[in-house]
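> Sharing a structure here in structure tokens format.
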Amino acid sequence: MIDLSNYLHKTEDIEDTANVLNNLGYKIIQENDKTIVNASDPSRLKLLAQLQEGKLPILKFIDESRKISSKEMNKERGPVILVNGKQIPIPNENFEEICLDVKQIDLSKMENKTADMNLPAVENIDNQSIPVEETTDEEKDNAVGSIWRDLPPADKEDWAEVNISNYIDHSNGWAIVGASRRGKTHAHEGSHRDDSFAFDFINGWSILAVADGAGSCRLSRVGSKISCFKAVESLKTCLTDFKVAEIEGLEIPDQKDLLQLKDFLKNAMKSAIQAVNEEAAKRKIENNLLSTTLLLVVHHAWGNKNIVASIQVGDGAISIWHEGKSVTILGAADSGIYASETTFITSNEIENELDYRVFFAIKPGVNAVAAMTDGVADDFFPYDKVMPEMFEELCENVLESDNPGETLLKWLAYERRGSFDDRTIVMLHRR
Amino acid sequence: MLNEVEGTSRRLPVYLLLDRSGSMSGEPIEAVKQGVKYLISSLKKEPQAIETAYLSVISFGSDARQDVPLVELNNFKEPKLDASGTTALGGALKILNNCLENEVRKSTPTQKGDYKPLVFLMTDGEPTDEWENAADEIKKKSGKLANIIAVGCGPNVNAKTLKRITEIVLQMSSYQPDDFNQFFKWVSQSVKQASIKFTKDSDAPAALPTPPAAIQIIP
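Protein sequences, first through last, are from chains A and B. Heads up, the first sequence is in our numbering, so the first residue is 760 and it goes up one at a time. Heads up, the second sequence is in our numbering, so the first residue is 249 and it goes up one at a time.
This is the structure we're talking about:
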């Protein structure tokens, strides 16, 4: 225990400090002209000892005492507010009302006393501005920005890196860049990125895959990753020795070749579905928990044209950038009446529909082909008007940089109101 | 940074259908007003809700009206709710039907659709107007075009009536202000959840948080 009169000289300072310390959990005893401060718990006793030994100046002592009290308060009662040196706990529902009351307190009388005592809570109230006008859009965006958390994923199993990117230059005139970025929702919750991508190149064929794991399914990141890799692997095997015949005078490829390519795409989708089912069986869980969309697209030069072929289950988009001028979407996204309603590769009977999900484009002047999950596609809607801007920006800035993968990943961090899904895009482009 | 296209942010429409009949006068209607205030301030702490939740209030007494057309959280102004008169639930349901068809945006090739709307209906008694047709219309939409939750409060509510409107019916046994607080807390949690976990599978029913002790689910 200590005697406050050893540390403070003015009577009113001693009195005020005694009050403060009383509210901070200390025992105060007035003995003649001595003001004794004591405590019974180890943390406060430690501070008293430090004060006595001269290791802690009085103001610091009060500060540290406040921290102890604050911790205890928060454990038991939730938010508190310091008014006039007293800690008042606030029942959550009335928080705002009490805040308003506090702001109206006349602090001018307190000012002189508090100067010595350094009560931060009161100072903060002094400096706080009370917003009464409607906030501007900019202010709204900034305010919202400060509420968003960015937490690492809590689930240590089946780890998915928060952001990934990759880039291959095929030095045959084509290169592929891909990146996947965790969305704000997952960052705020501390959950994983559920999107995945994969791509490869063989025998003149470029193979791109993107997948979006269902947000409501716990392990969908496993489903999306397996689907991408298995599908690309399957296509790589099929396309190793396959070429679409180029014959003089032929405007479009032979029907036989196109049907063969269609089969390859269907098989790739099937092998993804099978891999997901096998993984679910291995883990002894429902395959629905690994639900994911899957978009696959392949490309090959064909004479002075290009063959682009795709298969898609779910939302997102596969788009073709023509001669730096226009965009066409290959295939169609699965969607319902409302946003975020879509189909997954684990959906019932999906294998019977695969025939209707394969699309071809035979075109000259293809500058780029992109596959993207709806986290990106949704932000460039309507596609015909807005997606050209996306391609222009990507071709100008991302692809010309030293590290296209990293630059693409940075680009994926663009701010857009209401857009907080994972974002993934893989783009094949002419060098 | 690319320019934003006008009005293409997807919204989560939330409709509150509130009973302001005579029996709600005094403490009950005050508690409802407090509840709406709480709901707004609570949602404003959630970044996803701030960016996507749009609220509308439809109230019914002797007449029914849309006090607040669908508006974003930051622009929401609490409506004046005076409790008196009878219970024009049918009128309210007609307005709701109209909103679901015209105010809520559907996905089209040129328009981004809203997320599936959430509807919370709260009433303390039997409807006094023609309500059956409107209820049947809403029932058709319930689950598919909107997640509709009906909460009856007090002893004068008929669960069968509410079941004709939607499958999801809950019962608040009393009128205590705290019960209303709990109800609005639960509404807030439901909206937060909906704005985070937009269910991708349209066939799956809405996953709602567990209702508080004061509110019982009617199976």
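Where is the CB? At the ideal position from N, CA and C, for every residue including glycine. All values derive from a computational prediction rather than experimental measurement.
1. Please go through the same chain and pick out, in chain order, the residues whose beta-carbon is closer than 6 Å to the beta-carbon of B/Ile397, but skip the five residues on each side of it.
2. Between which two residues does the beta strand (DSSP E) carrying A/Leu1024 extend?
3. Consider the Cβ of B/Tyr302: report whether some Cβ of chain A lies at a distance smaller than 8 Å.
4. Over what stretch of residues does the beta strand (DSSP E) that includes A/His929 continue unbroken?
5. Using the beta-carbon of each residue, which ones in chain B are nearer than 9 Å to A/Ser1096?
6. With DSSP collapsed to three states, give me the class of A/Gly972.
7. For A/Val891 and chain B, any beta-carbon pair shorter than 8 Å?
8. Could you tell me the alpha carbon to alpha carbon distance between A/Ala1004 and A/Glu916, rounded to whole angstroms?
9. Using only alpha-carbon positions, find the residue among B/Glu320, B/Asp311, B/Val280 that is nearest to B/Pro295.
10. Quick check on A/Trp1080: buried or exposed, where buried means 16 or more other Cβ atoms within 10 Å of its Cβ?
11. Note down, in chain order, every chain A residue with its Cβ under 8 Å from the Cβ of B/Pro425.
12. Could you tell me whether the region 353-367 of chain B touches the region 1093-1109 of chain A, where touching means 3 or more Cβ pairs closer than 8 Å?
13. Name the two residues that bound the continuous alpha helix (DSSP H) containing A/Trp1080.
14. Mapping DSSP to helix, strand and coil, what is A/Leu780?
15. Starting from B/Asp267, follow its DSSP beta bridges and name the residues at the other end.
16. Closer than 7 Å by beta-carbon distance: list the chain B residues that pair up with A/Gly1177, in chain order.
17. With 8 Å as the threshold, decide whether the Cβ of A/Thr951 is near any Cβ in chain B.
18. Got a sec: which bits of the region 418-443 of chain B sit with their beta carbon under 7 Å from any beta carbon on chain A, in order along the chain?
19. List, in chain order, every chain A residue whose beta-carbon is nearer than 9 Å to that of B/Pro457.
20. Below 6 Å CB to CB, which residues in the same chain sit around A/Val1135 once its five sequence neighbours on both sides are set aside?
21. Would you mind listing the alpha helix (DSSP H) stretches within the region 1100-1139 of chain A that are 4+ residues and don't spill past its ends, in chain order?
22. Measuring CB atoms only, is the region 304-316 of chain B touching the region 326-333 of chain B, in the sense that at least three cross pairs come out at less than 8 Å?
23. So, do the region 1130-1145 of chain A and the region 382-396 of chain B have three or more beta carbon pairs nearer to each other than 8 Å?
24. Locate the beta strand (DSSP E) running through A/Ala957, then write down its first and last residues.
25. Quick one: measure Cβ to Cβ for A/Asn1126 and A/His1058, integer angstroms, because I've assumed they're closer than 8 Å.
26. Give the secondary structure of B/Gln441 by DSSP, where H, G and I count as helix, E and B as strand, and everything else as coil.
27. Under a three-way DSSP split, which group does B/Leu393 fall into?
28. For the beta strand (DSSP E) holding A/Ala934, just list the boundary residues, first then last.
29. Could you work out which residues of chain B lie near A/His947, taking near to mean beta carbons separated by less than 7 Å?
30. Among A/Val981, A/Gly1124, A/Asp1000, which residue has its Cα nearest to the Cα of A/Ile1044?
Once the coordinates are examined:
1. Phe368, Ile416
2. That residue, A/Leu1024, is in no beta strand (DSSP E); its alpha helix (DSSP H) goes 1014-1042.
3. no
4. Element bounds for A/His929: n/a, residue is neither H nor E.
5. It should be noted that the sequence gives Ile, not Ser, for residue 1096 of chain A. Here the neighbours are Lys354, Ser355, Gly361, Lys364, Lys392, Leu393, Ser450.
6. strand
7. The pLDDT assigned to A/Val891 is 49, lower than 50, so where the model puts this residue is not dependable; a value taken from the coordinates is nonetheless given after this. Taking Cβ atoms only, chain B never reaches closer than 8 Å to A/Val891, which makes this a no.
8. 47 Å
9. B/Glu320
10. buried
11. Per Cβ cutoff of 8 Å: no residues; B/Pro425 is ~10 Å from chain A at best.
12. yes
13. From DSSP, A/Trp1080 is part of no alpha helix (DSSP H) but of the beta strand (DSSP E) over 1076-1081.
14. helix
15. B/Phe308
16. Ser257, Arg258, Glu299, Thr300
17. A small fix is needed here, since residue 951 of chain A is His in this sequence, not Thr. With 8 Å as the cut-off, A/His951 does not count as an interface residue toward chain B.
18. Asn429
19. Simply none; closest approach about 14 Å.
20. Arg1182, Ile1184
21. 1133-1136
22. yes
23. no
24. 954-961
25. A/Asn1126 to A/His1058, Cβ: 12 Å. No contact.
26. helix
27. coil
28. 933-940
29. Pro295
30. A/Val981
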